[in-house]
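Trainee:
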Amino acid sequence: MFGKAKNRDAIKKGGFIKRLRARLNSGDSWLTYDLANLAPSGKIDEEVLDELESNLVMADVGIEATTAIIDNLRKSLARKELTDIDALRLGLRQHMVDILTPVEVPLTIPSSDKPFVILMVGVNGAGKTTTIGKLAKQFKKSGLSVMLAAGDTFRAAAVEQLQIWGERNDVPVVAQQAGADPAAVIFDAYEAAKSRDIDVLLADTAGRLQNQQGLMDELAKIKRVLARQDENAPQEIMLVLDAGLGQNALSQAEKFNDALGLNGIIVTKLDGSAKGGILVALAKKISVPVRFIGIGETADDMQTFDAEEYVDALMAGRQDSDTAP
Amino acid sequence: MFENLSGRLADATRNLTGKGRLSESNIKDTLRQVRLALLEADVALPVAKSFIEKIRERAVGEEVGKSLSPGQALIKIIHAELVSLLGQETKPLEFRAQPPIVIMLAGLQGAGKTTTAAKLARRLITKDKKSVMMVSVDVYRPAAILQLKTLAEDVGATFCDSDAAQKPVDIVAKALDEARRSHVDVLLLDTAGRLHVDEELMDEVAKVHQAAQPHETFFVIDSMAGQDAVNSARAFNEKLPLSGVVLTKTDGDAKGGVALSVVEVIGKPIRFIGVGEKTDALEVFHPDRMASRILGMGDVLSLVEEIEDKVSKEKAEKLAKKLQRGRGFDLSDLRDQFEQMLNMGGMAAMLEKLPIPGNVNPGMLKDAANEKQLRRQIAIINSMTPGERRFPKTINGSRKKRIASGSGLQIQDVNRLLKQHVQMEKMMKKMSKGGMKKMLRGMPGGGMPPGMPPPGR
C-alpha cells in the first residue's frame, strides 16, 4: 500500500477479511444464501435466476449491473453450463470479479512529490471528516508525516471536529475561523506543509450535494488554487461515498467526476446491513479506482480494496463467515 | 429528485395507448417498467413488489372511462395508491401537553440529525413562537456537542451544555430538569448517529428514550438511502416508539424511493422534509404532493381531471353515433372539435401540461397551435352555409371568396382549413368512435397521434 505498511498489512489481512465477511453479512439477507435452498435438486432454472436477480437488487447492485450479470448467467444457462449450484456461484463470482477488477487500483504515494495533497470531497454526511481521521492514523503508522487542512468552514464545529482528530493522531491541523474561504484555508495549509516538508496533506471540505452547482464550482476553485502552487496538486481528489446510500451513489460519482476529475473513491459504512452491492453498480458505470473500503469504527477497519476478496465476502453466507480464515 | 422515475412511467404508459380496457396482459409490460423504475429509485424490493401487486389488483378489469386513455387511467390508479401508501395528511406538532414538550431525533450516522434539530428549533421559534432548549447526547462524534451549541446560538434557542465524558442518560436528566426550571416550551434532544446492527448503541438509544419520555420521536433518514433503509427503519422502530420520519437532503437529485419503503415498513408518517443546507430549509411533508412529484409528469393529473370535466360527453357521443352510422365527419363536426379545444384553454395551455417528449420544441408547438388560430378556423366555418358545412365538396372558387371575406381572412386560409378537414375526415374514418376525446388518448404520454394535423401552418 504505502511502503512500510505492506508487511503489517499482510499479517493483518486475514483478520480484515474475516471482519469484512462478518460485517457485510450482518443483516438478515444474503446475496447467495437462499440459492442452495431454492434449488434443492441442484437444478438451475429461470426461477433460481429470478431469485438471484432479486437478491442482487436488494444488495444495491442496481438495475443496470444486475441485468448485465443475469443476462450473462442466462446465456450460460442456455449453453447448459450451469449444471449445479456451484457452477452458478462460480459464474456469479466471475462476473462480479470481472466488473470490479478494473477499479482495484490502490493508492500509491510517491516519496518524490511532497506534499502529496489528498482533497476529500463528498455529499453531506458521507463521512469525510471521520475518514480523514482514519487515514491520518494509517498514513502516520506507515511512517509518513501528515497534516490536515480544515476546509469545511461551513458546517458548525466541523473545524473543531477535525482538530480533535488532529490531536488524537498527533498531526498538525491548519484552520481558520468558521466561514473563511475554504480555498484560502487549503492554500495556507499547502504552504505550511511545503515549508515543513510534510509527506501527505489531507484536505477536508464541506459536504455538498452533487447537483448544487455553486458549491461544485467552489471545489473547482480549490483545485485551481492548488494547481497554481504545484501543477500536480491535488494529486488525489477522493470521493467519500456512504455504502448505505442507494443508486444515488452513481449520480454522486458521475457528477463529482465531471466537475473535478476524481482520482479515487472511498466507500464508508460498509458495516451497516447494506450489502455493499453498490460497489458493483459503481464499477459497472464509472472507471474511477476504489482506493479504500471502510467497515467499522476503528482506523484498522479502513483497508485497501481488493476485488476478489470483496466478492468472496459479498457471497459468503453467515455460516461461511463464521468459519472464514 | 424523482425525475427518472417519472420519465420511465411516461415511457411505460405510452405503450398502453389504444387499449380499451386494462387487462392482465396489456399492463404486464407497463407494470414491469414501473417496478424497474421503483427499484431504480431505491424503493426496497419487497415494497416495490407489494405496491405493484396492489396496482395490478386495482387495475385489471378496470374499464377505462371513455375520456381517459388506458395510460392515463393507470397513472390515476398509481397516483391514488401512492397517496394512500405515503400516508395520512400531515399531522402538526402537538403542543397541548404539559411543557416541556420533548422531541427526540434518532438515526444512522450522517443522516442529518443535528442539522434537522437546528431546523426544527428555528421553525418552532419563528413559526410556532415557542421557546426552545436544545441538548445533545452525542458523546461519540468529536465536536458534535459543539456543533449543536453553535447551531442553537444561530437559531436563538437556549442550549443545555453537556460533555463527552457524561453518560447520555445523565445528560437527559439534567436537560429535563433545566428545561422545567427555565420554563421552555420545547426540549429538542439530538442523539448520536448509530448503526441499527450495533446492539449496544441501540440499547443505549432505547435507554435515552426511556429517560426522556419524548412526546415525539423522529427517525431521521437520508433521502438518498438505499435498499437497506427498510432494515434500519425497522430496527429503529422496534427499539423506539417512533412517531414520525424526517426525510433529509431532498434538494439533491436522489429519486427518494426510500420515502415509500420507510413509510410502508414502519407505518409511521413522514412529518418533515429537509430541502436545503440553511436552517430555514425544512418543510412540512404532503403525501399528495410527494406522490405527484414521484409521478412528476408535468401536470397530467389535473389535465386528466379537466378533460373529464370539460369535454362534452353529449357532443362526443353524437359524433360517435354519426360516424358509426357511416355519415361523414363534416365541417360542423370539425368546428365542435375546435370549440372543445378552446374550452380546454387552447392547445397552448394543454401543451404546457403535457410531458413533451425531449425532441420536440414546446415553443414551436405552441406557435403552431395557438388559440388565435382556433378562433380563426371557427370563424371560417361560421361563415359557411349549413349546406356547405355538410357538403364541403360543393365549396367552389366563388364560395371560397365569399367565406374568406365573411371571416375576414384570405382564400388561402380557407383552402388550408378545407385541406385540414380532409385529413381529419380520413383519420376519423379510421377511428370507430370518439372524437376529440379519442385523440386525447394519445396523451400521457404520447403527445398527439401522428395523424393530427396542426391547425393552420
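Taken in order, these protein sequences are the chains called S and E.
Position one of the first sequence corresponds to residue 1 (the numbering used here), numbered consecutively onward.
Position one of the second sequence corresponds to residue 1001 (the numbering used here), numbered consecutively onward.
A virtual CB, placed ideally from N, CA and C, is assigned to each residue, including glycine.
Give a yes or no on whether the minimum CB-CB distance between E/THR1150 and chain S is below 8 Å.
Mentor: It does; some Cβ of chain S falls within 8 Å.
Trainee: Please report the distance separating the alpha-carbon of S/TYR310 from that of S/LEU100.
Mentor: So the alpha carbons of these two residues sit roughly 9 Å apart.
Trainee: Consider the Cβ of S/LYS269: report whether some Cβ of chain B lies at a distance smaller than 8 Å.
Mentor: Given the protein chain composition of this structure (S and E), no chain B is represented.
Trainee: From the DSSP secondary-structure annotation, give me the bridge partner or partners of E/VAL1135.
Mentor: E/CYS1160 and E/LEU1189.
Trainee: I'd like to know whether the C-beta atoms of E/ASP1042 and E/LYS1255 end up nearer to each other than 8 Å.
Mentor: Going by C-beta atoms, E/ASP1042 is nearer than 8 Å to E/LYS1255.
Trainee: List, in chain order, every chain E residue whose beta-carbon is nearer than 7 Å to that of S/MET58.
Mentor: Neighbours of S/MET58 on chain E, chain order: LEU1045 and GLN1227.
Trainee: Kindly list, in the order they appear in chain S, the residues whose Cβ is closer than 7 Å to that of E/GLU1199.
Mentor: Ordered by position in chain S, no residue passes the 7 Å Cβ test against E/GLU1199, which lies about 11 Å from the chain.
Trainee: What does the Cβ neighbour count give for E/GLY1274, buried or exposed, with the cut at 16 atoms within 10 Å?
Mentor: With 16 or more Cβ atoms within 10 Å of its Cβ, E/GLY1274 is classed as buried.
Trainee: At what residues does the alpha helix (DSSP H) containing E/GLU1200 begin and finish?
Mentor: Looking at the DSSP string, the run of the alpha helix (DSSP H) that includes E/GLU1200 is 1199-1212.
Trainee: Where E/LEU1082 and E/GLU1277 are concerned, what is the direct C-alpha to C-alpha distance, given to the nearest angstrom?
Mentor: The straight-line gap from Cα to Cα measures roughly 28 Å.
Trainee: Buried or exposed, going by whether 16 or more other CB atoms sit within 10 Å of the CB of E/SER1136?
Mentor: That one is buried.
Trainee: Closest to S/LEU92 by CA distance: which of S/LEU49, S/PRO106 and S/LEU241 is it?
Mentor: If we check each option's Cα against that of S/LEU92, S/LEU49 comes out closest.
Trainee: Check the C-beta distance from S/ASP170 over to S/LYS114 and give it rounded, since I have them as a contact under 8 Å.
Mentor: That pair is no contact at about 20 Å.
Trainee: As a quick exercise: from E/LYS1119, E/LEU1418 and E/GLU1040, pick the residue whose alpha carbon is nearest that of E/SER1332.
Mentor: Considering only alpha carbons, the answer is E/LEU1418.
Trainee: Go ahead and pull the three-state DSSP assignment for E/ALA1106.
Mentor: E/ALA1106: strand per DSSP, three-state reduction.
Trainee: Which stretch, first to last residue, makes up the beta strand (DSSP E) that contains E/LEU1093?
Mentor: Here E/LEU1093 belongs to no beta strand (DSSP E), and DSSP marks it neither H nor E.
Trainee: So with CB distances below 8 Å, who are the chain S contacts of E/GLY1107?
Mentor: What E/GLY1107 touches in chain S: nothing, since even the nearest Cβ is about 10 Å away.
Trainee: Using CA coordinates, which residue listed in S/VAL288, S/ALA313, S/GLN176 and S/ARG228 is at the minimum distance from S/LEU107?
Mentor: Ranking the options by Cα distance to S/LEU107, first place goes to S/VAL288.
Trainee: Following the continuous beta strand (DSSP E) through E/THR1217, name the residue where it begins and the one where it ends.
Mentor: Note, E/THR1217: beta strand (DSSP E), 1216-1222.
Trainee: Note the first and the last residue of the continuous alpha helix (DSSP H) segment covering S/GLU254.
Mentor: First-last of the alpha helix (DSSP H) with S/GLU254: 248-260.
Trainee: With H, G and I counted as helix, E and B as strand and the rest as coil, what does DSSP make of E/GLN1412?
Mentor: Three-state DSSP puts E/GLN1412 in a helix.
Trainee: Work out the CA separation of S/ALA126 and S/GLY272 for me, nearest whole Å.
Mentor: So the two alpha carbons sit approximately 13 Å from each other.
Trainee: In chain E, which residues lie with their C-beta within 7 Å of the C-beta of S/SER251?
Mentor: Those are ASP1253, listed as they occur along chain E.
Trainee: Taking the alpha carbon of E/VAL1205 as the point to measure from, which residue in E/THR1279, E/ASN1237 and E/ALA1225 has its own alpha carbon closest?
Mentor: Taking only the C-alpha atoms, the option nearest E/VAL1205 is E/ASN1237.
Trainee: Can the beta-carbon of E/LEU1188 be found less than 8 Å from the beta-carbon of E/ILE1075?
Mentor: The answer is no: Cβ separation not under 8 Å.
Trainee: Within this structure, are the beta carbons of S/THR205 and S/ALA178 separated by less than 8 Å?
Mentor: Contact flag unset, no.
Trainee: For S/ALA192, which residues in the same chain have their Cβ closer than 6 Å to its Cβ, ignoring the five residues on either side in sequence?
Mentor: Only VAL174 meet the Cβ criterion.
Trainee: Looking at E/THR1217 and E/LEU1240, is the spacing between their C-beta atoms short of 8 Å?
Mentor: Yes, these two residues count as a Cβ contact at 8 Å.
Trainee: Under 7 Å Cβ to Cβ from S/VAL280, same chain only, skipping five residues before and after it: list those, please.
Mentor: The answer, listed in chain order, is VAL61, ALA65, MET96, ILE99 and LEU100.
Trainee: Give me the chain S residues within the contact set of E/MET1224, using Cβ-Cβ distance strictly less than 7 Å, ordered along the chain.
Mentor: Within 7 Å Cβ-Cβ: LEU245, GLY246 and ASN248.
Trainee: Considering just the uninterrupted stretch of the beta strand (DSSP E) at E/LEU1195, what are its terminal residues?
Mentor: That residue, E/LEU1195, is in no beta strand (DSSP E); it is neither H nor E in DSSP.
Trainee: For S/GLY277, is the classification buried or exposed, using 16 other Cβ atoms within 10 angstroms of its Cβ as the cut-off for buried?
Mentor: Buried, because 16 or more other Cβ atoms sit within 10 Å of the Cβ of S/GLY277.
Trainee: Would S/VAL225 pass as a contact of S/LYS128 if the rule is Cβ separation under 8 Å?
Mentor: No, the pair does not count as a contact, with Cβ atoms beyond the cut-off.
Trainee: Near S/PHE16, which residues of its chain fall below 7 Å by C-beta distance, leaving aside the five closest residues on each side in sequence?
Mentor: Correct list, in chain order: GLN303.
Trainee: Comparing the C-beta of E/VAL1168 with each C-beta of chain S, is any distance below 8 Å?
Mentor: Reading the sequence as shown, one finds Pro at residue 1168 of chain E and not Val. For E/PRO1168, the answer is no, since every Cβ of chain S falls outside 8 Å of its Cβ.
Trainee: According to DSSP, is S/GLN303 helix, strand or coil?
Mentor: S/GLN303 falls in the strand class under three-state DSSP.
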